[in-house]
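Below: the structure, in structure tokens.
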Amino acid sequence: MYTVGQIADHIDGYVVGNRSVKISSIGSIHSANSGQIAHLSNPQYRQYLASTNASAVILTESDQAQCPTVAVVVDHPYVAYAKTSQLFDKRPRVPIGVHETAFIDASANLGEDVRIGPFVTVGAESNIGDRVEIFDHASIGGGCSIGADTVLKSHVTLSHDIHVGDRCLLMEGCVIGSNGFGYASEGNQRNEPIAQLGGVRIGNDVDVGAKTTIDRGALEDTVIGNLVKMDDQVHIGHNCQIGDRTIICGCAGMAGSVTIGKDCMIGGGVGIAGDGPLELTDMVYVSAMTFVSRSIDKPGIYSGHTLHSSNSKWRRNAIRLNDLDALHKKVDRLERQIKELLAE
Amino acid sequence: MYTVGQIADHIDGYVVGNRSVKISSIGSIHSANSGQIAHLSNPQYRQYLASTNASAVILTESDQAQCPTVAVVVDHPYVAYAKTSQLFDKRPRVPIGVHETAFIDASANLGEDVRIGPFVTVGAESNIGDRVEIFDHASIGGGCSIGADTVLKSHVTLSHDIHVGDRCLLMEGCVIGSNGFGYASEGNQRNEPIAQLGGVRIGNDVDVGAKTTIDRGALEDTVIGNLVKMDDQVHIGHNCQIGDRTIICGCAGMAGSVTIGKDCMIGGGVGIAGDGPLELTDMVYVSAMTFVSRSIDKPGIYSGHTLHSSNSKWRRNAIRLNDLDALHKKVDRLERQIKELLAE
Amino acid sequence: MYTVGQIADHIDGYVVGNRSVKISSIGSIHSANSGQIAHLSNPQYRQYLASTNASAVILTESDQAQCPTVAVVVDHPYVAYAKTSQLFDKRPRVPIGVHETAFIDASANLGEDVRIGPFVTVGAESNIGDRVEIFDHASIGGGCSIGADTVLKSHVTLSHDIHVGDRCLLMEGCVIGSNGFGYASEGNQRNEPIAQLGGVRIGNDVDVGAKTTIDRGALEDTVIGNLVKMDDQVHIGHNCQIGDRTIICGCAGMAGSVTIGKDCMIGGGVGIAGDGPLELTDMVYVSAMTFVSRSIDKPGIYSGHTLHSSNSKWRRNAIRLNDLDALHKKVDRLERQIKELLAE
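The following block contains the structure:
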């Protein structure tokens, strides 16, 4: 429970109306009830403002005059809504201190006010920053560093020599620093493992989804930029480099040595892999379920998926697709014949 | 080792022949040996009945007369076979009681005859139902409830405020209740996390595969209906709703706010994601590796995958696919020219 | 730090030049510095040999004369490079012995010089081979066997009755032996689980990637051959059989009862699933993101993915694809009309 005034202070806004009104939860502008705070950022929802039942609305100065209830005026209402939602997050915290069942190597360094839960392991020479929160069963190998205020949820694994920045959130069961996939075959010698001698470096404010895997580099490190956000079950191969603020949706996977620029958006289920290293420039958006097999050097939206249809219709079209080149050649032949006919 | 009579009682069938015959394992009707029980449900296997070496066969009344050995007559032989197979499952059980290394919060409630293995954690205010079996290293956050007779295998993670019904089976390493993937970007403010304040509610008799992830909702809960069966490495985004009895095969993934009806079948590797919330009605079957980007409002089978061919052939066709619209336009032009020629 | 002589002995090569030169790390032939060892296996890099700054180069006899520095002559330089990289792997080892927090069933057998980390569980009647190394939080069920020199990284799960060969590497969080996905539906009886009574057998020198899942068989075992290498987030359904030396890249998934031959290469994100059991013969290469829905009986390269393009272009082509059969029929009609016109 917060007052509107407390919320406004948290999101750097000012209140038009009664700062003391109490807010117990968050609602949508068209369905919120008394005691809830809503926000107006999408213009399509402006029609609901006049009749909203919310006790307060977060909005921009230009919408304030139309607000029938307490207004919290900000520059960016959607971002302010996100920050407000964080206030209402009641997730349990690991208590400050080290749980008696955790196993911390004697040479590890723990910062101030760390929170370390049951059955956590921390390896030799690892540095755990101030206020870092580590949930039960997380495993941190040797030579790692974790920046201040970062949170590791249950069952997270950091292999050895992994460096994570400040304010990151590593979600349940993600694995950072498993071996990259590299084998040498030559003559009759097959699948000899190439040791993966690099590590992983993760910037600040990075989120890593549940069960996501980020492999360690072969010689150099795999690098994740600042403010990168990754959803669940993403796979990042060895020596990938992901630019700042790029978003990677669930189940996307990329092979080794893929470089992605800044401010990109990689859709769900996308695959990125080529014969050699690939590079996507800044501000590239790749639609869900697209396969990217060549580099992309111009910002823009790229797609390559197919559209579903009824099975009987699809079956005919899919078979035809495997004759498409022949169809092209046939049409070219018909075109020549028509040209001759027209010339007669 | 069971007698045919014991098996018949377990599957609500009646025996024609000697109830005392001993059965040590399960076989297929065409390859079973003495001491094995087989079943006949698929008509294509009826040809093997007369010559089967099985010591007993589960079948329907109409096939009983042709059975050369002891018959167990039931209405649904395939379901009866499934129930019989459960009798022969020799999987190790966690012993009744709480393992000495488990860490159970003092405010948690444990039902009768619970089985809790090594290194399990149970958070504050969580309720563990009667006869629930929790394997080693499972992590149950605060405020969760688990219904009677549910089994959690090793390394399962339930985040906080997760509700699981009765008789569910959560397989190794699945994660229920990780954060949904939601960020606000506006102006120069980028990727501000939206707190995920909802939980996850899972019905009765639900199976969740190994490494499957089901995200918690943003404001409302993510909801999984009764008798839903999910394979390994499935991903369910925040606020999805999955209808009763729907089956989701391995590696399928769906974005947030996807609603799937009852009795659907989602094939392996399928992706479901659109610009906004999507809805699939009841009894929709989606073929493996299909991308569904629009809602489906009629029951039926839907597909969208491509068919493999030799690489050299595929390369030509795939390139042509990216010229398909031009080909269409060319054919339209040729059609007009032919029309003119025919009109002359 | 090794001398060139020590490295040459490790990779069965001979030195031309000073065996005492000290090597501190590995570099690429075109960018290596003094103190580094490089290798020459790809002919495209031969141009860099004369001017390399590496202190030593691994190469074949035929390239030795052109080497400006110490040469290590071997038959297979790429494989020799892989073996050299292993020398420089400084990954932390679990100490010999059983960590005090590990929970080993009294009936389990431990070989000589095993290394068992914190919070590991080993179930009843399981056999752990000599020098096996098991990282923290790994879970080994009952009735398992693990061959000599195999390594299990953190959070690996072996369910019960799983057999793993010698010198395998099971990466973080993989799950071997979760239930296969099998349910019986008949009449109004829905989704009755079929018990998965088989196990999993894994050969020698097999690598399993992080978060990869290999399901146990229904009646028979799921079988992985020798020297098979699997990347992260691969899924292998029940009763699959994978031939020796086959490589499976990240995020590939296969349904139950898929048989893959020897020396195959399955690309990233590939899906393999059909109406019934599928079989791929030896030496089949499947390109990334291809869906294989029919058996393949000839060695070769197979593809089925689509190529990305700009979104506006793709949208037109993807819609046309769902009219492709109609286009074929139209072209056939035009062809007949032209034939008539030409016959006039």
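Protein chains in written order, with the working numbering: chain F, 312 to 655; chain X, 312 to 655; chain U, 312 to 655. Backbone N, C-alpha and C define an ideal beta-carbon position, used for all residues, glycine too. Just so you know, these numbers come straight off a predicted model, no measurement behind them.
Within the DSSP bridge table, the entry for TYR359 of chain U names no partner.
When the beta-carbon positions are compared, LEU360 of chain U and PRO388 of chain U stay at least 7 Å from each other. Contact of GLU483 of chain U with chain F by beta-carbon distance below 7 Å involves THR468, SER470, VAL486, SER489. PRO504 of chain F has F:TYR494 as its beta-bridge partners, per DSSP.
Counting the other CB atoms within 10 Å of its CB gives ARG556 of chain X a total of 16 or more, which places it among the buried residues. Considering only X:SER465, X:ALA495, X:ILE513, the residue with the shortest C-alpha distance to GLU483 of chain X is X:SER465. The CB of VAL642 of chain F comes closer than 7 Å to the CB of VAL642 in chain U, given here in chain order. For CYS562 of chain F, the CB contacts under 6 Å within the same chain, skipping 5 residues up- and downstream, are GLN544, GLY579, GLY580 in chain order. Annotated as proximal: GLN507 of chain F and GLY491 of chain F, with beta-carbon spacing under 7 Å.
ILE407 of chain U sits exposed, since fewer than 16 C-beta atoms from the chains shown fall within 10 Å of its C-beta.
Contact between the stretch 488 to 502 of chain X and the stretch 522 to 533 of chain X is present: 3 or more CB-CB pairs across the two stretches fall below 8 Å. Annotation: VAL467 of chain F to SER331 of chain X spans about 53 Å, alpha carbon to alpha carbon.
Taking 9 Å as the upper bound on Cβ-Cβ separation, chain U lies near residues ASP386, HIS387, PRO388, TYR389, VAL390, ALA391, TYR392, ALA393, LYS394, THR395, SER396, GLN397, LEU398, PHE399, ASP400, LYS401, ARG402, PRO403 of the stretch 381 to 407 of chain X. Taken in chain order, the complete alpha helix (DSSP H) segments of 4 or more residues contained in the stretch 364 to 419 of chain F are 372 to 375, 388 to 398. Rounded to whole angstroms, the Cβ separation of ASP447 of chain F and PHE430 of chain F is 5 Å, and the two are in contact under 8 Å. Exposed is the label assigned to LYS650 of chain X, since fewer than 16 other Cβ atoms lie within 10 Å of its Cβ.
Straight across, the Cα-Cα distance linking ARG512 of chain U with ARG501 of chain F is about 21 Å. Apart from the 5 residues on each side of it in sequence, ASP574 of chain U sits with its Cβ closer than 6 Å to the Cβ of ARG556, ASP593, MET594 in its chain, given in chain order. In the three-state reduction of the DSSP assignment, ASP518 of chain F falls in the strand class. DSSP places ASP320 of chain X within a helical segment (H, G or I) once states are collapsed to three. Beta-bridge analysis with DSSP links ARG426 of chain U to U:GLY408, U:GLU444. In the three-state reduction of the DSSP assignment, LEU530 of chain F falls in the coil class, being assigned neither a helical nor a strand state.
A check of alpha carbon separations from ASP477 of chain X across X:ARG626, X:SER437, X:ARG357, X:LEU538 identifies X:LEU538 as the nearest. Of all residues in the stretch 415 to 449 of chain X, those with a C-beta nearer than 9 Å to a C-beta of chain U are GLY428, PRO429, PHE430, PHE446, ASP447, HIS448, reading in chain order. Taking a beta-carbon distance threshold of 7 Å, ILE649 of chain F counts as an interface residue toward chain X. The Cβ atoms of LEU591 of chain U and ILE612 of chain U do not sit closer than 7 Å to each other.
In this structure, GLY587 of chain F keeps its C-beta atom at 7 Å or more from the C-beta atom of SER604 of chain F. Taking C-alpha positions only, ILE451 of chain U is separated from VAL475 of chain U by approximately 11 Å. Here SER437 of chain U is buried, its C-beta having at least 16 other C-beta atoms within 10 Å. For ARG626 of chain X, the enclosing alpha helix (DSSP H) covers residues 622 to 632.
Scanning chain F for C-beta atoms nearer than 7 Å to the C-beta of VAL603 of chain X yields HIS619, reported in chain order. Against chain X, the beta carbon of CYS479 of chain F has no neighbour under 7 Å; the closest one sits roughly 11 Å away.
Rounded to the nearest whole angstrom, the C-alpha separation of LEU480 of chain X and LEU589 of chain F is 41 Å.
Fully enclosed beta strand (DSSP E) runs of no fewer than 3 residues occupy 569 to 571, 589 to 591, 595 to 597 of the stretch 538 to 604 of chain U, in order along the chain. Per the DSSP secondary-structure output, ASN438 of chain X pairs in a beta bridge with X:ASN420, X:SER456.
Neighbours of ILE558 of chain F in chain X, taken as residues at a C-beta separation under 8 Å, are given in chain order as TYR494, ASN502.
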